[in-house]
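Numbering (our numbering), first residue to last: 127 to 412.
Note that beta-carbon positions come from the ideal geometry of N, C-alpha and C, so glycine has one too.
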């Protein structure tokens, strides 16, 4: 068995920045508890490591004690959430991804200009909720079929969740354009998402099967898995190395000569390296 790594995978700059800000906040905070509003990123290894260092988890509707420091997750939050946290007396460390911030501003400016804002994204995803809070009357469009039912007589704007598959966004945009004559596509997926998807597509013809490393709550990781599946490749998404040894995964993988390895933008190097190590053990190369 040969393991072939994708040329681009793992942490993007936005995720790395968010994790570093959270770590620095815990190290610098003395005398006051430090919280994150939900998981900083969608990865359990990262969440567990930060919790061990002292970062506490605060529910989206939770209220921190006075004087607490709250780190905003990489997906961002609606403006009303920020106001509520500040009113509670908390200090804010904003770890929102800069690309998400740019899309928040686009949503706000286009809504202020009288345009209906559509968001291509997953209902209930933290980033989509954060974008929705910046644009009154926003309509979330999860897929092409939903987009075909979204008609609007006035001007409209499409902004994408940054972790979408570009093909999904293109399909939604084309469907919206059928019933929205004045449609602008203003904010797309981020470059890091596109790079990881492109690297996986480049990898696929070189391998017999693929392992994608990342949490099941990670939208960008799930989309990598979907890309491999749509290409007809046997694919396994694992959160960590232990999952390689569970069930029939190891047995199934041992049937293939060349295994591709990729990972989502919220997956740390330690998880990727551990999975690769376990695959090499499976191949008898350790």
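Between which two residues does the beta strand (DSSP E) harbouring residue 387 extend? Start at 1 with the first residue of the chain shown, and residue 387 comes out as number 261. Its beta strand (DSSP E) spans residues 384-389.
Counting C-beta neighbours from all protein chains within 10 Å, is the total for residue 328 16 or more, i.e. buried, or is it exposed? Taking the first residue of the chain shown as position 1, residue 328 is located at position 202. When all chains shown are included, residue 328 counts as exposed.
Please determine, among 242, 392, 403, 359, the residue with the shortest C-alpha to C-alpha distance to residue 378. Residue mapping note: residue 378 aligns to position 252 of the chain shown, counting from 1. It is 359.
Measuring CB to CB, does residue 309 end up less than 7 Å from residue 273? Sequence index remark: in the chain shown, residue 309 carries index 183 (1-based). Sequence index remark: in the chain shown, residue 273 carries index 147 (1-based). Contact: no.
Enumerated in chain order, which unbroken segments of the beta strand (DSSP E) with a length of 3 residues or greater are wholly contained in the region 151-220? For the beta strand (DSSP E) assignment, the uninterrupted runs of no fewer than 3 residues enclosed by the region 151-220 are, from N- to C-terminal side, 160-163, 181-184, 195-198, 217-220.
Thinking just about the alpha-carbon of each residue, which of 394, 330, 127, 343 is nearest to the one in residue 252? Here residue 252 refers to the residue found at position 126 when the chain shown is read from its first residue. Selected option, being the one with the closest Cα: 343.
Any alpha helix (DSSP H) of 4 or more consecutive residues that is wholly inside the region 314-388: For the region 314-388, whole alpha helix (DSSP H) runs of length 4 or above, ordered along the chain, are 317-329, 345-356, 375-379.
Taking the C-alpha atoms as reference points, what is the distance between residue 338 and residue 388? Position 212 of the chain shown, counted from the first residue, corresponds to residue 338. Position 262 of the chain shown, counted from the first residue, corresponds to residue 388. Taking the straight line from one Cα to the other gives about 5 Å.
By Cβ distance below 8 Å, which residues in the same chain neighbour residue 205 in space, the five residues on each side in sequence not counted? As a working mapping, residue 205 is identified with position 79 in the chain shown. Once the five neighbours on either side are set aside, the close Cβ partners of residue 205 are 259, 260.
What is the DSSP secondary structure of residue 142, reduced to helix, strand or coil? To locate residue 142, count along the chain shown from 1; it is residue 16. Correct three-state label for residue 142: helix.
So which of 247, 264, 211 has the shortest CA-CA distance to residue 293? For this step, residue 293 is matched to residue 167 along the chain shown. The shortest C-alpha separation from residue 293 is found at 247.
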